[in-house]
Structure formats: C-alpha cells, structure tokens
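K.L.:
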Amino acid sequence: MLRQFSRVFSPRIRTVFTVSEKEYDRKADESLDRLSEYFDHISDNFKVSENFDVAYSYGVLTVAVSKEIGTYVINKQSPNKQIWLSSPISGPKRYDLTENLR
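Going by our numbering, the final residue of the sequence shown carries number 624, and the count climbs one at a time with no gaps.
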C-alpha cells in the first residue's frame with residue numbers, strides 16, 4: 523500500500539509538468555482513501571498500542587500510533603498540489619504528483 527502511494531506521489535521534487543486541480547484532487551483523494559483504509563485495518567495483521575487510532579476527514583488523515591511514538595498527519599495541500607506528511611520522528615515531508623502516473 524505505501525509503495526503504491528509512493529508511485530503516485532513522490533518526495534518533494536521540482537515538477538516540469540502541470541496538473542489540473544481536478545486531477546490533483548482525484549489522485550490525492552484516492553491516495554488518502556487508500557492509506558486510510560490500510561491504516562484502519564493494520565490492527566488486523568499487527569499488534570498495535572491501545573492508543574492506536576486512525577481518523578480521516580476533509581483531506582486530513584491522522585494516525586495516532588502510541589503515546590511513546592506520537593501522531594502522524596497526512597494531508598492535502600491543494601494550493602501547492604502536494605500531499606504533506608508530518609511525522610513525530612522525522613518531521614515534515616512534502617510529496618508531488620509524479621508525471622508517469624498522472
């Protein structure tokens with residue numbers, strides 16, 4: 523699942539193509555929906571903290587892993603046509619839509 527996400531959106535790079543707002547919204551929503559579904563079912567396959575929680579609303583996916591690790595936030599940044607990840611471990615990351623999988 524995460525590999526599929528990284529094929530559609532890649533770490534912050536300069537893009538040399540333009541993408542319509544409609545196309546960006548469609549791909550971003552699809553990616554966030556898939557990530558949300560993946561994290562919603564992660565406890566089916568792995569042992570998770572009692573504090574593990576997943577919430578997805580209005581283009582913002584929040585994954586609270588545990589009190590010790592913290593919370594990840596993945597969200598759309600429509601003005602920049604990016605998806606942003608806020609990690610309690612590595613800090614912020616920005617992802618652009620990749621040209622070959624528009």
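Glycine residues also receive a C-beta, built at the ideal position from the N, C-alpha and C atoms. Since we're looking at a predicted model, the values are computed, not measured.
(1) Could you tell me the boundaries of the beta strand (DSSP E) in which N573 lies?
(2) So the alpha helix (DSSP H) S609 belongs to, where does it begin and stop?
(3) When burial is assigned at 16 or more other CB atoms within 10 Å of the CB, is S579 buried or exposed?
(4) Which residues mark the beginning and the end of the alpha helix (DSSP H) in which Y580 is found?
(5) Taking DSSP as the reference, what is the three-state secondary structure of S588?
(6) Less than 8 Å between the CB atoms is what I'm expecting for S586 and F574, so what's the real figure, rounded?
(7) For K598, is the classification buried or exposed, using 16 other Cβ atoms within 10 angstroms of its Cβ as the cut-off for buried?
(8) If you drop the 5 nearest sequence neighbours on each side, which residues of the same chain put their C-beta closer than 7 Å to that of S608?
(9) Is the CB-CB distance between L583 and L619 below 7 Å?
(10) Report the three-state DSSP secondary structure of V538 (helix, strand or coil).
P.N.:
So, from the listed chains and residues:
(1) Taken as a continuous stretch (DSSP letters only), N573 belongs to no beta strand (DSSP E), as it is neither H nor E.
(2) Counting along the chain, S609 falls outside any alpha helix (DSSP H), though it belongs to the beta strand (DSSP E) covering 604–609.
(3) With fewer than 16 other Cβ atoms within 10 Å, it is exposed.
(4) The continuous stretches of alpha helix (DSSP H) do not include Y580, and DSSP gives it neither H nor E.
(5) In the structure shown, S588 sits in a strand (DSSP, three-state: E or B).
(6) Position check: residue 586 holds Ala in this sequence, whereas Ser was assumed. At roughly 7 Å, the Cβ-Cβ gap stays under 8 Å, so A586 and F574 are in contact.
(7) It is buried - the Cβ of K598 has at least 16 other Cβ atoms within 10 Å.
(8) Cβ-Cβ distances below 7 Å link S608 to Y594, V595, P614 in the same chain, with the five nearest sequence neighbours on each side left out; the list follows chain order.
(9) No. Outside cutoff.
(10) Unreliable placement is indicated for V538, whose pLDDT of 47 sits below 50; no coordinate value is reported for it.
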